[in-house]
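Colleague: If you scroll down you'll find the structure; I have some questions about it.
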Amino acid sequence: MALELNDLRYFLEVRQKGSLTSAAKSLGITQPSLTAAMQRLERHYGTTLLLRDRTGVRLTVTGRALAHDATEIFEVLGRAERRVLGLEDQESGRFVIGSHESLAAYFLPDLVRRVVGEHPTIEIAIFNAASAAVAEAVVDRAVDFGIVVNPKPHPDLVLVELFDDAVDFFVLS
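Residues 11 to 183 in my numbering are what the sequence shown lists, from first letter to last.
Next comes the structure, spelled out in structure tokens:
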């Protein structure tokens, strides 16, 4: 018997709502349909996933393990969907930011959080190194751009001054 993703989705809703009745209402299905879906899951795994009593339902140990894994499955499916849709919209990809170690700790957490929050299909990687190594990584196209201190001019790079205290931005010309 094949596992149905809807059955897993229903299972997570039962866990969240704590009762079959509330979950069925939330899902817009009948309680007997939801009960049948939970029974299919239990048959599929050969174990009891839910303990039912007059106050609602609780997950068994195996139910909690399944809920954890099912949550991860749906997170991965969501990321895949966002990535595919982002590719169509040209709003996805991987960017590597090169940064001097001290600047990375100060500037990058907020920047990365904002970019990923606004564009969840964009993946950001950080390359921490001394400023000269970051500049070379930009030239070698190992990083997309670099944030450095005390930059040395380079003929292949455009230097954008970010602050008066010698914190600058490199990008390939």
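C-beta: ideal position from N, C-alpha, C; glycine also.
Measuring alpha carbon to alpha carbon, tell me which residue in Ser43, Arg53, Ala46, His78 is nearest glutamine 26.
Modeller: Closest option to glutamine 26, Cα to Cα, is His78.
Colleague: If we ignore side chains and look at the alpha-carbon of each, how far apart do proline 42 and arginine 50 end up?
Modeller: Roughly 12 angstroms between the two C-alpha positions.
Colleague: Please determine if the segment 127–146 and the segment 99–118 are in contact, where contact requires at least 3 C-beta pairs separated by less than 8 angstroms.
Modeller: The segment 127–146 vs the segment 99–118: in contact.
Colleague: Could you pull out every unbroken alpha helix (DSSP H) segment of at least 4 residues lying fully inside the segment 44–100, listed in chain order?
Modeller: For the segment 44–100, whole alpha helix (DSSP H) runs of length 4 or above, ordered along the chain, are 71–99.
Colleague: Could you give the distance in angstroms between the alpha-carbon of asparagine 213 and the alpha-carbon of alanine 152?
Modeller: The structure shown does not extend to residue 213, since the chain is modelled only from 11 through 183, so no value can be given for it.
Colleague: Counting only runs of 4+ residues fully inside the segment 101–177, write out the alpha helix (DSSP H) ranges in chain order.
Modeller: If we require 4 residues or more, the alpha helix (DSSP H) runs fully inside the segment 101–177 come out as 111–128, 141–149.
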